[in-house]
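Numbering (the working numbering), first residue to last: 2 to 372.
Set out below in structure tokens:
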């Protein structure tokens, strides 16, 4: 080929386009005597290949599931108290307020660092990787990247898999999942902080990630795509790229009543969301400022999922929220594989899935969901 005596030509089947994420490719080889050189000429019978002897499989050790040690979250959760619930139609929000000691130290958020030019998020390489992004921290302070945040732009929108803390003045590889499977082409060179993943996407992502880690099989990315499809269907949105953000924006335009009835609770560091007798999930940060900075996007994710469901439900009793917190505290385990600063943990049980991050004795973020 380098000498110019051979040429390769390829084409895609008509139902595929060049920017599709995956597609078959038909190749032809051209030489001085024509094309299809890989096909034997007429009248020439290829010599039958000698059958290879069966390969003996040498059994090796099976990978063992990672067994993490328990972590005691109860003393950290005792620093918060339940506030008065607010309810609209089928969604109850119960605030988590600082109790006595006041809010803890909260690192700066990725969205704030991006807006101030102290950070940049980009593809890990020119070709990109679906499961990874690069976060560049130009500042002198660590940056908190919360689980569930959706980053929009570059080759494909992604959702942050687990909360991480990025060290100052460095480049960090961020584990993510795709929430726009129909696009794999650049719209911009860098990412912006966009929507927030729905509780449906987040609970299924968490559960699938933990199943993968335990060696139980399955695909976390496949679960995320399935949840995105369900969200789009719930909002009757036909997205050309199967983008979660399209459904999020469509729901936002219809969520006015939820926004009016369920505003940001004053002084809250987090909220527990419920529907009737069932707790749906929770988000908790170290300080009220963090929740306030993320509230517009985070709350819309809870509102959108509630708005996509029919019917109403009675308010969630506060004792259900207390029981949920106790179950979360009892299901927390160290996550020794978590990258970045601080101490990651996962919340995993047959009824719960979630994760969080501790840093210098502070609970930076905790997210947990009922399965």
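Think of the CB as a built atom: it goes at the ideal place given N, C-alpha and C, for glycine as much as any other residue.
It should be emphasised that the depicted structure is a prediction, and the values quoted were computed from it without experimental measurement.
Grab the span of the beta strand (DSSP E) containing residue i for me, first residue to last.
{"i": "residue 236", "result": "Careful: residue 236 lies outside any beta strand (DSSP E) and carries neither H nor E."}
{"i": "residue 279", "result": "279-286"}
{"i": "residue 344", "result": "344-350"}
{"i": "residue 365", "result": "363-371"}
{"i": "residue 360", "result": "353-360"}
{"i": "residue 271", "result": "271-276"}
{"i": "residue 87", "result": "87-89"}
Count the other C-beta atoms from every protein chain shown that fall within 10 angstroms of the C-beta of residue i, then say buried if there are 16 or more, exposed otherwise.
{"i": "residue 52", "result": "Confidence at residue 52 is low in this model, with a pLDDT of 45, below 50, so the placement of that residue is unreliable and no value is reported for it."}
{"i": "residue 203", "result": "buried"}
{"i": "residue 57", "result": "At residue 57 the pLDDT is 42, less than 50, meaning the model places this residue with poor confidence; the figure from the coordinates comes in the next sentence. By the 10 Å Cβ count, residue 57 comes out exposed."}
{"i": "residue 239", "result": "exposed"}
{"i": "residue 169", "result": "exposed"}
{"i": "residue 353", "result": "buried"}
{"i": "residue 37", "result": "With a pLDDT of only 49 at residue 37, under the threshold of 50, the placement of this residue in the model should not be trusted; the figure read from the coordinates follows. So residue 37 ends up on the exposed side."}
{"i": "residue 157", "result": "buried"}
{"i": "residue 164", "result": "buried"}
{"i": "residue 73", "result": "exposed"}
{"i": "residue 107", "result": "buried"}
{"i": "residue 222", "result": "buried"}
{"i": "residue 313", "result": "exposed"}
{"i": "residue 64", "result": "Low confidence applies to residue 64: its pLDDT is 43, below 50, so where it sits in the model is not reliable, and the reading given next is rough at best. With fewer than 16 other Cβ atoms within 10 Å, it is exposed."}
{"i": "residue 336", "result": "buried"}
{"i": "residue 124", "result": "buried"}
{"i": "residue 264", "result": "exposed"}
{"i": "residue 317", "result": "buried"}
{"i": "residue 70", "result": "exposed"}
{"i": "residue 101", "result": "exposed"}
{"i": "residue 266", "result": "buried"}
{"i": "residue 274", "result": "buried"}
{"i": "residue 143", "result": "buried"}
{"i": "residue 360", "result": "buried"}
{"i": "residue 128", "result": "exposed"}
{"i": "residue 278", "result": "exposed"}
{"i": "residue 368", "result": "buried"}
{"i": "residue 45", "result": "Note on residue 45: pLDDT 38, under 50, position unreliable in the model; the coordinate value appears next. Classification for residue 45: exposed."}
{"i": "residue 150", "result": "buried"}
Which first and last residues belong to the alpha helix (DSSP H) in which residue i is found?
{"i": "residue 203", "result": "200-214"}
{"i": "residue 111", "result": "111-117"}
{"i": "residue 247", "result": "245-253"}
{"i": "residue 321", "result": "319-331"}
{"i": "residue 258", "result": "257-262"}
Pull the bridge partners of residue i from the DSSP assignment, please.
{"i": "residue 307", "result": "Note: residue 307 sits in no beta bridge, so no partner."}
{"i": "residue 197", "result": "150"}
{"i": "residue 167", "result": "144"}
{"i": "residue 72", "result": "Its beta-bridge partners do not exist; DSSP assigns none."}
{"i": "residue 82", "result": "98"}
{"i": "residue 122", "result": "136"}
{"i": "residue 179", "result": "159"}
{"i": "residue 242", "result": "The partner list for residue 242 (beta bridge, DSSP) is empty, contrary to what the question assumes."}
{"i": "residue 1", "result": "Within the shown structure, residues of the chain are numbered from 2 to 372, placing residue 1 beyond reach of any answer."}
{"i": "residue 92", "result": "89"}
{"i": "residue 334", "result": "71 and 347"}
{"i": "residue 130", "result": "133"}
So which of the options has the shortest CA-CA distance to residue i?
{"i": "residue 258", "options": "155, 193, 90 and 207", "result": "90"}
{"i": "residue 166", "options": "185, 94 and 146", "result": "146"}
{"i": "residue 305", "options": "142, 72 and 234", "result": "234"}
{"i": "residue 357", "options": "264, 325, 287 and 324", "result": "287"}
{"i": "residue 241", "options": "181, 310 and 81", "result": "181"}
{"i": "residue 226", "options": "309, 246 and 110", "result": "246"}
{"i": "residue 183", "options": "266, 243, 341 and 160", "result": "243"}
{"i": "residue 228", "options": "199, 214, 250 and 254", "result": "199"}
{"i": "residue 281", "options": "94, 83, 81 and 82", "result": "94"}
{"i": "residue 83", "options": "185, 279, 271 and 230", "result": "271"}
{"i": "residue 140", "options": "121, 149 and 148", "result": "121"}
{"i": "residue 76", "options": "372, 330, 339 and 366", "result": "330"}
{"i": "residue 138", "options": "360, 289 and 111", "result": "111"}
{"i": "residue 87", "options": "155, 96 and 294", "result": "96"}
{"i": "residue 81", "options": "262, 289 and 188", "result": "289"}
{"i": "residue 99", "options": "346, 362, 296 and 285", "result": "285"}
{"i": "residue 114", "options": "294, 260 and 346", "result": "294"}
{"i": "residue 370", "options": "179, 195, 212 and 205", "result": "205"}
{"i": "residue 365", "options": "85, 315, 209 and 148", "result": "148"}
{"i": "residue 311", "options": "85, 92 and 219", "result": "92"}
{"i": "residue 134", "options": "224, 178, 209 and 341", "result": "178"}
{"i": "residue 154", "options": "196, 174 and 224", "result": "196"}
{"i": "residue 189", "options": "339, 152, 254 and 79", "result": "152"}
Just to confirm, does residue i get its C-beta within under 7 Å of one of the non-hydrogen atoms of the ligand NAD?
{"i": "residue 146", "result": "Of ligands this structure carries none, so the ligand NAD is not represented either."}
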